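Just so we're aligned: 273 in this note's numbering is position 245 of the sequence shown, and the numbers increase by one with no gaps anywhere. The C-beta atom is built at its ideal place from N, Cα and C for all residues, glycine as well. Source: prediction; values computed, not measured. Shown next, in structure tokens, is the structure this report addresses.
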Amino acid sequence: MAEPSRTEQRKAEHVNIILNENVSAEYNYWADVHLVHRALPEIDLDDVDVSCTLLGRKLDAPLVISSMTGGFGMGREINESLAKAAAETGVAMGVGSQRAALEKPELADTYAVVKDYDVPLRFANLGAPQLVPQEGKRAYGLEDARRAMAMVDAHALIVHLNFLQEVVQPEGDRRGRGCLAAISRLAARLPVVAKETGAGISREVALALKRAGVRGIDVGGLGGTSFSAVEHYRAKKESASLKERLGATFWNWGIPTPASIVLADVGLPVIATGGVRS
29 MAEPSRTEQR KAEHVNIILN ENVSAEYNYW ADVHLVHRAL PEIDLDDVDV SCTLLGRKLD
89 APLVISSMTG GFGMGREINE SLAKAAAETG VAMGVGSQRA ALEKPELADT YAVVKDYDVP
149 LRFANLGAPQ LVPQEGKRAY GLEDARRAMA MVDAHALIVH LNFLQEVVQP EGDRRGRGCL
209 AAISRLAARL PVVAKETGAG ISREVALALK RAGVRGIDVG GLGGTSFSAV EHYRAKKESA
269 SLKERLGATF WNWGIPTPAS IVLADVGLPV IATGGVRS
């Protein structure tokens, strides 16, 4: 068996850290949200319908299993379990960044397993930093995006905005100039949803993404998993002391999810990930 790539190894480390360390934001801002009770509903319970349409696809409930993982052995098992649940409940699902499979095609199965289940809305996933040239690495373009979508028979492509994570990550990509234009080029040809990964979306960024042509925004706000915290633990293991301190500094950085939902309301569908608990 071939040695795991750096990306493949990183995917495994992320899951291992999340399973074994506390990487949640210090405060979950959903605790500040209280729903107003309706004492006089004027509707029969049997008439309540929670189904919805997202990007032209019918969902049985307004829920999305957000992009998490793939690209290493255990990732296949996780994605299969999530796809099975999504199919049974009629909700949407995204896979984690498919960069690992683009670099190493034999890892495609860890994502493609979702095609075995009737998930009503499937999202492929690429990172915004990888849409521009990084040091020693080419930029991903339209054909790469199409490969990622074909891999999971996706209805749309998530482009995740994880620049904070990349800066904290010991081997992270540091270049961000030109990403908005790259997103716009993809959005002109493919249905694209922009997604943050734990630090939220401001109104300025939401408006810029709308002008770029994205079809929806996943705010990925502060309150749930902190990828600064995840990378803090990776840096600690690698004795990268500066990155370790940086991860601790930005552990609780970002726009809380409930606030980001309001800020990102610019006339596009909004997906509210970040700290949602049942």
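Distance between residue j and residue i (C-alpha atoms, nearest Å)
i    : j    : result
E116 : N48  : 29 angstroms
A120 : A128 : 22 angstroms
E309 : E224 : Because the chain in this structure spans residues 29 to 306, residue 309 falls outside the shown range and cannot be described.
P297 : R239 : 14 angstroms
R175 : E70  : 49 angstroms
E272 : P219 : 37 angstroms
G164 : Q193 : 19 angstroms
V290 : E31  : 45 angstroms
G228 : D181 : 28 angstroms
G302 : D88  : 21 angstroms
L83  : R243 : 7 angstroms
D77  : R85  : 16 angstroms
T138 : L68  : 49 angstroms
Q37  : A209 : 30 angstroms
V304 : Y55  : 12 angstroms
L159 : A152 : 15 angstroms
Y261 : I93  : 25 angstroms
P157 : V64  : 40 angstroms
L170 : I45  : 33 angstroms
Exposed unless 16 or more other CB atoms sit within 10 angstroms - verdict on residue i
i    : result
Y168 : buried
V61  : exposed
D72  : exposed
S267 : exposed
H42  : buried
E134 : exposed
R202 : exposed
R150 : buried
Proximity winner among the options, relative to residue i (alpha-carbon distances)
i    : options                   : result
W58  : L250, E272 and I299       : L250
R104 : G164, K39 and I46         : K39
N50  : S254, G244 and L270       : S254
S212 : L235, R34, V195 and L274  : L235
F100 : A53, A276 and V123        : V123
A257 : G226, M102 and D246       : G226
K112 : M96, P133, V147 and T138  : V147
R13  : Q197, V221 and A216       : As shown, the chain starts at 29 and ends at 306. That puts residue 13 outside it, with no answer to give.
G346 : S288, T277, S94 and V294  : Only positions 29 to 306 of the chain appear in the structure, and residue 346 is not among them; the question remains open.
N280 : D74, D172 and A53         : A53
I283 : S269, P157, G248 and G275 : G248
G252 : S79, M96, D75 and T81     : M96
G155 : A140, L170 and V187       : V187
Beta-bridge pairing of residue i - partner residues as DSSP gives them
i    : result
E49  : DSSP, once it has assigned bridges, lists no residue as partnering E49.
A178 : None; A178 has no bridge partner.
V92  : A120
K86  : T81
L189 : E224
V298 : I245
A184 : F151
Unbroken stretches of the alpha helix (DSSP H), 4 residues or longer, contained in the region 133-171 = Runs found: 137-140.
Taking only runs that begin and end inside the region 248-289, name each unbroken alpha helix (DSSP H) of 4 or more residues, in chain order.
-> The alpha helix (DSSP H) runs of length 4 or more contained entirely in the region 248-289 are, from start to end of the chain, 255-265 and 269-277.
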